[in-house]
Amino acid sequence: GSAWAPATDDSGGGGVSGGGSSGQVAYWNGASSITGNSNLFWDEKDNRLGIGVTPKTNFHFGGSHAVAFTIAKAGAYTVDPKDYVIFGDTETTDILLPDAAEIPGRILIIRATDPKGVRISAANGKDTIDGVSSLQLQDSDAAFYSAILISAGTDRWMTLSKSRK
Numbered sequence: 824g825s826a827w828a829p830a831t832d833d834s835g836g837g838g839v840s841g842g843g844s845s846g847q848v849a850y851w852n853g854a855s856s857i858t859g860n861s862n863l864f865w866d867e868k869d870n871r872l873g874i875g876v877t878p879k880t881n882f883h884f885g886g887s888h889a890v891a892f893t894i895a896k897a898g899a900y901t902v903d904p905k906d907y908v909i910f911g912d913t914e915t916t917d918i919l920l921p922d923a924a925e926i927p928g929r930i931l932i933i934r935a936t937d938p939k940g941v942r943i944s945a946a947n948g949k950d951t952i953d954g955v956s957s958l959q960l961q962d963s964d965a966a967f968y969s970a971i972l973i974s975a976g977t978d979r980w981m982t983l984s985k986s987r988k
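Using our numbering, the first residue of the sequence shown is number 824, and each one after it goes up by one.
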């Protein structure tokens, strides 16, 4: 017993089984089994992920998709990390944006649903939106009622688009 010799593993482990093809993203389909799917593709050379298509950008997907939306309630609403589309409720007064430096490139779509509107500003009190401290949205013919914003990093948000009725 002091020298190593090849033998059958007697530890009782079963290992992982399953299969897939090169480039497919593997996922668990049982307690000890993985599989791949031709609709989930990882391009190792260029570090790209594709869903439904061979990726041509860092994250590339084909077909339809859906995003969750948030209805901001009464008073001031602080944007949550999971938010993407936010509707200001009739009693929402303010929508407070996260620090622009936290996630450069983050996109938010915000929509007012009441003529009295909703004010958008930074929760930290220092970030600006297009160089000013806040943006007012109102659900009326004369005002902007929705905006698409992007975090430009450091201390500013920028509007990509504003819409009127």
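Virtual Cβ for every residue (Gly too), placed ideally from N, Cα, C. Predicted model only: the values in this text are computed from it and were never measured.
On the premise that residue j lies in contact with residue i, defined as a C-beta separation below 8 Å, what is that separation, rounded to the nearest angstrom?
i: Leu931; j: Asp950; result: At roughly 13 Å, the Cβ-Cβ gap does not stay under 8 Å, so Leu931 and Asp950 are not in contact.
i: Ala935; j: Asp978; result: Between Asp978 and Ala935 the Cβ distance is about 25 Å, and since that is not below 8 Å, they are no contact.
i: Ala970; j: Thr982; result: 5 Å
i: Gly911; j: Ile918; result: 6 Å
i: Val908; j: Leu920; result: Not confirmed; about 14 Å, so no contact.
Tell me which residues share the same chain as residue i and place their Cβ nearer than 7 Å to its Cβ, disregarding the 5 neighbours each side in the sequence.
i: Asn947; result: Asp922
i: Ser957; result: Arg942, Ile943, Ser944
i: Thr877; result: Phe864
i: Ile926; result: Ser974
Could you tell me which residues DSSP pairs with residue i in its beta bridges?
i: Arg934; result: Phe910, Ser969
i: Asp964; result: Asp964 is not bridged to any residue.
i: Ser825; result: Ser825 is not bridged to any residue.
i: Val941; result: Leu960
i: Thr831; result: Answer is none; Thr831 lacks a bridge partner.
i: Arg987; result: Arg987 is not bridged to any residue.
i: Ser844; result: DSSP output for Ser844 lists no bridge partner at all.
i: Asp917; result: Ala899, Arg942
i: Arg929; result: For Arg929, which the question treats as bridged, DSSP gives no partner whatsoever.
i: Thr951; result: Arg979
i: Ala849; result: Gly859
Tell me which same chain residues have a C-beta within less than 8 Å of the C-beta of residue i, skipping the five on either side of it?
i: Asn870; result: Asn881
i: Val848; result: Gly859, Asn860, Leu863, Phe864, Trp865, Leu872
i: Glu867; result: Gly846
i: Ala826; result: none
i: Trp980; result: Leu920, Ala923, Ala945, Asp950, Thr951, Ile952, Asp953, Leu972, Ile973, Ser974
i: Ser844; result: Gly859, Ser861
i: Ala895; result: Ile909, Phe910, Gly911, Asp912, Thr915, Ile918, Val941
i: Ala838; result: For the record, residue 838 in the displayed sequence is Gly; it is not Ala. Excluding sequence neighbours, Gly838 sits near Ser855.
Within its chain, find whatever has a CB closer than 6 Å to the CB of residue i; leave out the 5 residues flanking it on each side and keep chain order.
i: Glu914; result: Ala897
i: Thr893; result: Asp906, Ile909
i: Ser984; result: Ile971
Cβ pair count under 8 Å reaching 3, the stretch 880 to 887 against the stretch 933 to 943:
Judged by Cβ distances under 8 Å, the stretch 880 to 887 makes no contact with the stretch 933 to 943, as fewer than three pairs qualify.
What are the start and end residues of each continuous beta strand (DSSP E) run of 3 or more residues lying completely inside the stretch 852 to 909, in chain order?
Segments of the beta strand (DSSP E) lying fully in the stretch 852 to 909: 856 to 866, 871 to 874, 882 to 884, 892 to 895, 898 to 901.
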